[in-house]
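Below you'll find the structure, written out as structure tokens, and then a few comments.
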């Protein structure tokens, strides 16, 4: 029998204070990101903020500096330009914010004519255009906000029905913790928050909960078994150790496939898979170091099961 | 026991056959080369269309194409019109797109007053946007008489000149420049005048007066030219000066001077004289003599000089009105406007009844004429629409995404399969078989449900592969644990499946909840992801639990278990 882990007996709960400190800092960061997004300070992608994004390549060499200079000469000094040379040589992404719906379609044709004028000997081949009016962005923002709330509410409701109040609260806090952490990291990395990122956040919420649920399931099962003997903390520790190999194997396989997506999936799903990878790591960590200690601390303060 | 296992095996066989049936068109279509497709398209186009209809649909992000969201502007409609305006607009746009001849367009309403138009594989973006985005309100209007027009222009000049003298000091820097330009223009104009002597009537217009008035007195009309010489229908404005003219026309003091029943209108297309680009500005009477609602048909044709134009037919009533209007205005120009811009303003040569033609000014192409005929036939939109979202995905980007997506799925899949075999031996192989079936059923379900595969959807497939083995990992780890406590193989397998089941179901339901929410979140690609994820997770319950159990039930009798 091949085993990643022999039978372990690690005192996870004993390390909870380190975990609380690390998580606390990161959660605050996540909250900052969250507030920033609500105030419109964070880098919202054009699908939320409205704007135009062009993607394409030049047939001959064009340096990113030349492109930037050419665009700012023509009134686009605030254009965001990214080189996507990983995909193809001289491949660029140009993003311009728009303030009115009407602008959105104009900007793309205007930029194309600017590029044709400024780089006459190197043809620009357009691969894709995304023009999203600010009014569409507003609608999507509202939808995304509702989606996040609904998903969390739905998950909560299910956990509360399946488990009891304390487990429900702990699972919710853990899920929020995971989402906020990934959001915080994206904020630091100055990644754009797009609809696809929100999708990734919701998916990882489901995934992280999955991990927590498996663990809670085992804790509950063991609590029934050990009700008469053992103490609460050691029961939880034992449960974590028992499911540990499963947790790690599942995380590994899922991480493996998402890493593949990150490496070969291309630009479209790049940030999406990054968010998922972070989510898998954080979700695994949090079910052990956040969810379980919450249950334990709660029990310590107001004993319910071992009176 | 034996009997229920038999039923289960029958059910699984049935599902596999049904899935093969559902997937057959997709496999056939995808294994066809482009040349084969072209051949069928030319010989049996219906076959290819029905095959494409049955195969798994690819989203625009994979296929390439154009996605446009239109907002219907209902601000000028009354309560009654508002009710069905978006629906009528949708029908008219559908009509236009159908006539344009795009295969598999997708047109639907979104949230009350928005219309989503998806055109796969389209190349000419500008043309398509114009086709679906214009209101196509056709109107025939008379022009203001030259005398009145000159009077109005003169007044505008006077008012602006007055206003300008009060500002001269501030604009002092600019003035000499302008003057220089003015003299240049004069020279150019004089040259023209010599080359082409005035042929058209009425040369008394003050524009051509011998003595050019001093610049300050002509702040507006200095921009109006007649490059062909003589009096023209409408005034020519250099393309780069169009914004200046628009600015002047928008000044409140200028607006006041334009009579209530007159309006300025620009030409639809620009024209070239001596390599200079010009727009034409017309002074029209506001009164609509005839509108497009009396139109029954419109067809693109060429005139005797091979210039494109559109022939139209009017209803009986429309014909009567048109005959009256044209009869009373012979030898005068009649402006044909589309959405407030002048297509052309030909002279009425004789009385016209129910058949006429729209000549197209500027450098019109036959495509312009075709599109004009299409929008006229389909009718005007009940309200103007504006494009609020416009996404274009080039076909090469879509191809790229398909290639990268497939590569990731294959690599990710192999990783998982390999890991499971190494870690769980024969049991791992059984789990691998379950994941393969999962993927197979998933694709079949996509085909059967007519679901659309998008790039995030491909990501969903990869994620499903990763998560689907989770159920088996849970079960196998549990069996290992049970065996460690000294249970028999039979008891360990039973306990493993039974105890792992609650965790598996819980975990999958939370994923389904998120997927359900995501399905309702807006756009196509995300929907594609939600569909794949929820189907994949639901199917994994069957493949990873029920199907592997059949095999494990057989293995219960074994003396050793490879796990």
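Chains as they are written, first to last, in our numbering: chain A, 301 to 607; chain B, 281 to 843.
Beta carbons: idealized from backbone N, C-alpha and C, even for Gly.
Of the residues the options, the one placed nearest residue i, counting alpha carbons only
i, options, result
"residue 300/B", "498/B, 684/B and 721/B", "721/B"
"residue 731/B", "598/B, 804/B and 382/B", "804/B"
"residue 703/B", "581/A, 591/A, 550/A and 555/A", "550/A"
"residue 589/B", "645/B, 390/B, 830/B and 313/B", "645/B"
"residue 774/B", "809/B, 826/B and 743/B", "826/B"
"residue 373/B", "360/B, 411/B, 714/B and 381/B", "411/B"
"residue 821/B", "777/B, 521/B, 657/B and 757/B", "777/B"
"residue 432/B", "399/B, 375/B, 533/B and 517/B", "533/B"
"residue 304/B", "286/B, 394/B and 725/B", "725/B"
"residue 547/B", "439/B, 823/B, 515/B and 530/B", "515/B"
"residue 434/A", "533/A, 377/A, 341/A and 346/A", "346/A"
Below-8 Å beta-carbon distance, residue i vs any chain B residue
i, result
"residue 510/A", "yes"
"residue 402/A", "yes"
"residue 429/A", "yes"
"residue 399/A", "no"
"residue 546/A", "yes"
"residue 287/A", "Nothing about residue 287/A can be reported from this structure: the residues present for chain A run from 301 to 607 only."
"residue 244/A", "With chain A covering only 301 through 607, there is no way to say anything about residue 244/A."
"residue 308/A", "no"
"residue 382/A", "no"
Where the beta strand (DSSP E) through residue i begins and ends
i, result
"residue 582/B", "575–582"
"residue 388/B", "386–390"
"residue 347/B", "345–352"
"residue 624/B", "621–624"
"residue 353/A", "351–358"
"residue 383/A", "380–383"
"residue 711/B", "That residue, residue 711/B, is in no beta strand (DSSP E); its alpha helix (DSSP H) goes 675–728."
"residue 657/B", "From DSSP, residue 657/B is part of no beta strand (DSSP E) but of the alpha helix (DSSP H) over 646–658."
"residue 617/B", "614–618"
N- and C-terminal bounds of the alpha helix (DSSP H) containing residue i
i, result
"residue 525/A", "495–526"
"residue 425/A", "No alpha helix (DSSP H) contains residue 425/A, which is instead part of the beta strand (DSSP E) from 424–432."
"residue 570/A", "570–586"
"residue 515/B", "No alpha helix (DSSP H) contains residue 515/B, which is instead part of the beta strand (DSSP E) from 515–518."
"residue 608/B", "596–608"
"residue 338/A", "316–339"
"residue 525/B", "522–529"
"residue 843/B", "Note, residue 843/B: premise wrong, no alpha helix (DSSP H); not H, not E."
Residue-chain proximity (residue i, chain A), Cβ-Cβ < 8 Å
i, result
"residue 448/B", "For residue 448/B, the predicted model reports a pLDDT of 49, less than 50, meaning its position is unreliable; a value from the coordinates is still stated below. No, its Cβ sits nowhere closer than 8 Å to a Cβ of chain A."
"residue 838/B", "no"
"residue 287/B", "no"
"residue 470/B", "In this predicted model, residue 470/B has a pLDDT of only 40, less than 50, meaning its place in the structure is not dependable enough to derive any value."
"residue 568/B", "no"
"residue 695/B", "yes"
"residue 339/B", "no"
"residue 486/B", "Only weak support exists for where residue 486/B lies, its pLDDT of 45 falling under 50; the coordinates are left without a value."
"residue 373/B", "no"
"residue 773/B", "no"
"residue 703/B", "yes"
heavy atom of the ligand NAP below 7 Å from residue i C-beta
i, result
"residue 325/B", "Absent from the structure shown: the ligand NAP. Ligands present: none."
Specify whether the stretch 592–612 of chain B and the stretch 623–642 of chain B touch according to this definition: at least 3 beta carbon pairs, one from each stretch, less than 8 Å apart.
Cβ pair count under 8 Å is three or more, so yes.
Within 8 Å of chain B by C-beta, residues of the stretch 492–507 of chain A in sequence order:
For the stretch 492–507 of chain A, which is checked against every Cβ of chain B, the residues closer than 8 Å are 495, 496, 498, 499, 502, 503, 505, 506 and 507.
Counting only Cβ-Cβ distances shorter than 7 Å, please list the residues of the stretch 446–469 of chain A near chain B, keeping chain order.
Those residues of the stretch 446–469 of chain A that come within reach of chain B (Cβ to Cβ, closer than 7 Å) are 447, 450, 451, 454, 455, 458 and 462.
Pull out every residue of the stretch 334–353 of chain A whose Cβ sits closer than 7 Å to any Cβ of chain B, in chain order.
Residues passing the 7 Å Cβ filter: none.
Residues, ordered as in the chain, of the stretch 710–722 of chain B that lie near chain A by beta-carbon distance below 7 Å
Of all residues in the stretch 710–722 of chain B, none has a Cβ within less than 7 Å of some Cβ in chain A.
Interfacial residues, the stretch 503–528 of chain B to chain A, with Cβ spacing under 9 Å
The residues in question: there are none.
So, do the stretch 421–439 of chain A and the stretch 465–478 of chain A have three or more beta carbon pairs nearer to each other than 8 Å?
No: the two stretches stay apart, fewer than three of their Cβ pairs being nearer than 8 Å.
Counting beta carbon pairs with one atom in the stretch 783–791 of chain B and one in the stretch 571–587 of chain A, are three or more of them shorter than 8 Å?
The stretch 783–791 of chain B and the stretch 571–587 of chain A do not touch, with fewer than three beta-carbon pairs separated by less than 8 Å.
Give, in chain order, every residue of the stretch 653–686 of chain B whose Cβ lies closer than 8 Å to some Cβ of chain A.
Cβ proximity to chain A below 8 Å picks out 666, 667, 668, 669, 670, 671, 672, 673, 674, 676, 677, 680, 681, 684 and 685 from the stretch 653–686 of chain B.
Taking a Cβ distance cut-off of 7 Å, strictly less, list which residues of the stretch 727–742 of chain B are near chain A, in chain order.
Within the stretch 727–742 of chain B, the residues whose Cβ lies closer than 7 Å to some Cβ of chain A are 735, 736, 739 and 742, listed in chain order.
Inter-stretch contact (C-beta, 8 Å, three-pair minimum) for the stretch 493–500 of chain A and the stretch 444–463 of chain A
A contact exists between the stretch 493–500 of chain A and the stretch 444–463 of chain A.
Report yes or no: do the stretch 655–675 of chain B and the stretch 351–359 of chain B share at least 3 C-beta pairs separated by less than 8 Å?
Contact between the stretch 655–675 of chain B and the stretch 351–359 of chain B is present, because at least three Cβ pairs lie under 8 Å.
If the cut-off is 9 Å on Cβ atoms, which residues from the stretch 799–812 of chain B count as contacting chain A, listed in chain order?
Correct list: 800, 801, 802, 803, 805, 806, 809 and 810.
Would you call the stretch 350–359 of chain A in contact with the stretch 403–411 of chain A, where contact means no fewer than 3 C-beta pairs closer than 8 Å?
The stretch 350–359 of chain A makes contact with the stretch 403–411 of chain A: 3 or more CB pairs, one atom from each, lie closer than 8 Å.
Taking 8 Å as the cut-off, does the stretch 578–585 of chain B touch the stretch 609–624 of chain B (at least 3 CB pairs, one atom from each stretch)?
Because the criterion of three Cβ pairs below 8 Å is not met, the stretch 609–624 of chain B and the stretch 578–585 of chain B do not touch.
Would you list, in chain order, the members of the stretch 766–793 of chain B that have their beta-carbon closer than 7 Å to a beta-carbon of chain A?
Listed in sequence order: 782, 783, 786, 787, 789, 790, 791 and 793.
Are at least three pairs of beta-carbons, each pair with one atom in the stretch 315–325 of chain A and one in the stretch 588–604 of chain A, less than 8 Å apart?
These segments touch.
Contact between the stretch 737–749 of chain B and the stretch 683–693 of chain B is defined here as three or more beta-carbon pairs at a separation below 8 Å; is this criterion met?
Yes, they touch.
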